[in-house]
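Counted from 1, the sequence shown has number 498 at position 88 by the working numbering; the numbering is strictly sequential. Here is the structure we will look at, set down as structure tokens.
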Amino acid sequence: MVQFHETHFEDAARRLTAASLLPLDRPWGLSNLISAVQMYQTLGRPDSRYPIFPFEDVVMAAIWLGEHDQARSAIAEYRETIAGWPENVTARFGGNVAWESKLRQLIDNPKALRDLADANAERLKVRSLPRIEMLA
């Protein structure tokens with residue numbers, strides 16, 4: 411039984427590594443994340459058609475790194491993309507205006523993002539958040 415698990419675990423790990431859009435063997439940065447989101451959009455999968463959460467990930471990573479101009483640029487780019495999405499899709503996250511407003515508030519108050527991360531870590535009973543080197 412252990413040998414079966416070990417063989418399948420290794421195979422699953424290889425498949426996950428191969429499918430990752432971000433490098434898993436070295437540090438990666440904001441530009442890698444942006445490229446990964448762009449590539450994700452081209453996968454043609456149902457979950458990649460309207461990638462609101464990956465868009466937010468890019469903006470929040472830029473804010474986290476203090477790259478506020480990059481965050482504003484990403485919001486502007488993604489706002490144009492979101493404008494072409496069906497209304498029933500944008501309604502799920504409150505619409506384009508509310509989405510943009512929420513992210514701009516984080517740019518104006520980046521401490522709120524860190525407080526949110528800390529609150530989620532506490533809620534999940536995580537002792538501390540890992541410190542990962544992310545290249546700007």
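By construction, the Cβ of each residue, glycine as well, lies at the ideal position given by its N, Cα and C atoms.
- The shortest C-alpha to C-alpha distance from Ser-483 to any of Ile-444, Lys-521, Leu-523, Gly-494 is the one to Ile-444.
- Residue environment for Thr-500: buried (at least 16 other C-beta atoms within 10 angstroms of its C-beta).
- Short of 7 Å from the beta carbon of Pro-464, and not among the five residues preceding or following it, lie these beta carbons of its own chain, in chain order: Val-447, Tyr-450.
- In this structure Val-469 does not touch Ala-486 by the C-beta definition: roughly 10 Å separates them, more than the 8 Å allowed.
- DSSP places Val-536 in no alpha helix (DSSP H); its state is neither H nor E.
- Taking the C-beta atoms as reference points, Ile-462 is found no nearer than 7 Å to Leu-516.
- Under the DSSP assignment, Ala-471 falls in the alpha helix (DSSP H) whose first and last residues are 462–474.
- The beta carbons of Leu-432 and Trp-438 sit closer together than 7 Å.
- Pairing Gly-504 with Glu-416, the inter-Cα distance amounts to about 45 Å.
- Looking at the backbone, the Cα of Glu-532 and that of Asp-457 are separated by about 29 Å.
- For Asn-506, the uninterrupted alpha helix (DSSP H) segment begins and ends at 505–518.
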